[in-house]
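Inspection log for the structure reproduced underneath, given as structure tokens.
Numbering (UniProt numbering), first residue to last: 1 to 295.
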């Protein structure tokens, strides 16, 4: 804008000098218009508007000034202002920017991460000195530090933890460390979202084989447990049968058998003609009741 002001003023002077010795009024009008345009351009060059949710860093002849907050500001025409947004910016590390990490076992995984970060207005001057622009802050500070932390955290966990069991814990640890690393530099990290973790093809094959082995082991353990339980059941059943036989053997004495035969004889004699056959352990043994009416 300041360069435009100088050019318009020079044009006004040239037009005035050329048209001074001529009778045409066009030269004078052109000179006047150029002069007015130069003055307006100069006025605009001394005004700078900082938008809402932005902070401006003024630089005059290489000297960095005090940050400019949202609103209208008057400045020297020789002052350049670099603006930084204070709203959260999404840094998406996926697809071609996905983070390749290695577990503590050496397995390769690919982590998709989204980081929301914003410039702290009070630290905008320091960030300008470190990077120079909004894009440079992300490329020189946020991206490399975040990638380093993500790799370091995954390196402390096994492939299975990184892929399945400890995803939430890993995400929380990454968020805490990224915030801790970038906060002193004036970068406010609001959220770190570990969106997805995908194993490499080789690691996926290893995981599938391990799962199959674990399933086979579980089936073998279950089969052994079932066989052991069945063997224990049969042992208990056999012991119970043996104890019952011993009790029965002790209880079936000659006197008991004799009394049972007498009771049976009485019952049979009430309804049908019967005859008795002596039997037992001796000649006077217990009689056997036989129904004579049946063949």
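Ideal Cβ placement from N, Cα and C applies to all residues, glycine included.
- Taking the Cα positions, residue 77 is about 48 Å away from residue 171.
- Less than 8 Å separates the beta-carbon of residue 182 from that of residue 189.
- The Cβ-Cβ distance between residue 116 and residue 88 falls below 8 Å.
- Every beta strand (DSSP E) of 3 residues or more that sits fully in the region 74-155 is shown, in chain order, as 79-85, 89-93, 99-102, 108-119.
- Checking the DSSP bridge columns, you'll see residue 48 partnered with 73.
- Collapsing the DSSP output to three states places residue 67 in coil.
- Here residue 154 has 101, 102, 103, 109, 111, 162, 170 as same chain residues with Cβ atoms under 8 Å from its own Cβ, once five neighbours each way along the sequence are excluded.
- Only buried fits residue 146, as 16 or more other CB atoms lie within 10 angstroms of its CB.
- In the three-state reduction of the DSSP assignment, residue 60 falls in the strand class.
- Closest in alpha carbon position to residue 160, among 107, 142, 138, is 107.
- Annotation: the continuous alpha helix (DSSP H) that includes residue 181 extends over 167-182.
- In this structure, DSSP gives residue 226 a helical state, which the three-state scheme calls helix.
- Following the DSSP letters along the chain, one finds residue 164 in no beta strand (DSSP E), marked with neither H nor E.
- For the options 119, 113, 71, the alpha carbon positioned closest to that of residue 194 is the one of 113.
- Per DSSP, the continuous beta strand (DSSP E) segment holding residue 195 begins and ends at 187-199.
- In this structure, residue 67 places its C-beta atom within 8 Å of the C-beta atom of residue 55.
- Taking a 10 Å sphere around the C-beta of residue 186, we find 16 or more other C-beta atoms and assign the residue as buried.
- By DSSP's assignment, residue 54 forms a beta bridge with 85.
- Counting C-beta atoms within 10 angstroms of its own C-beta, residue 49 has fewer than 16 neighbours from the protein chains shown and is therefore classed as exposed.
- Taking 8 Å as the cut-off, the beta carbon of residue 167 is found closer than this to the beta carbon of residue 197.
- Residue 121 places its beta carbon 8 Å or farther from that of residue 79.
- Check the Cα spacing between residue 199 and each of 164, 47, 137, 61: the tightest is with 164.
- Shown here, residue 158 sits in coil according to DSSP, grouped into three states, outside any helix or strand.
- When only Cα atoms are considered, residue 234 and residue 264 end up about 37 Å apart.
- About 7 Å separates the beta carbon of residue 99 from that of residue 151, a gap short enough to meet the 8 Å contact definition.
- Residue 90 and residue 84 have their C-alpha atoms spaced approximately 14 Å apart.
- Excluding its 5 nearest sequence neighbours in each direction, residue 137 has C-beta neighbours in its own chain below 8 Å: 84, 119, 127, 130, 131, 187, listed in chain order.
- Counting of Cβ neighbours within 10 angstroms places residue 236 among the exposed residues, the total staying below 16.
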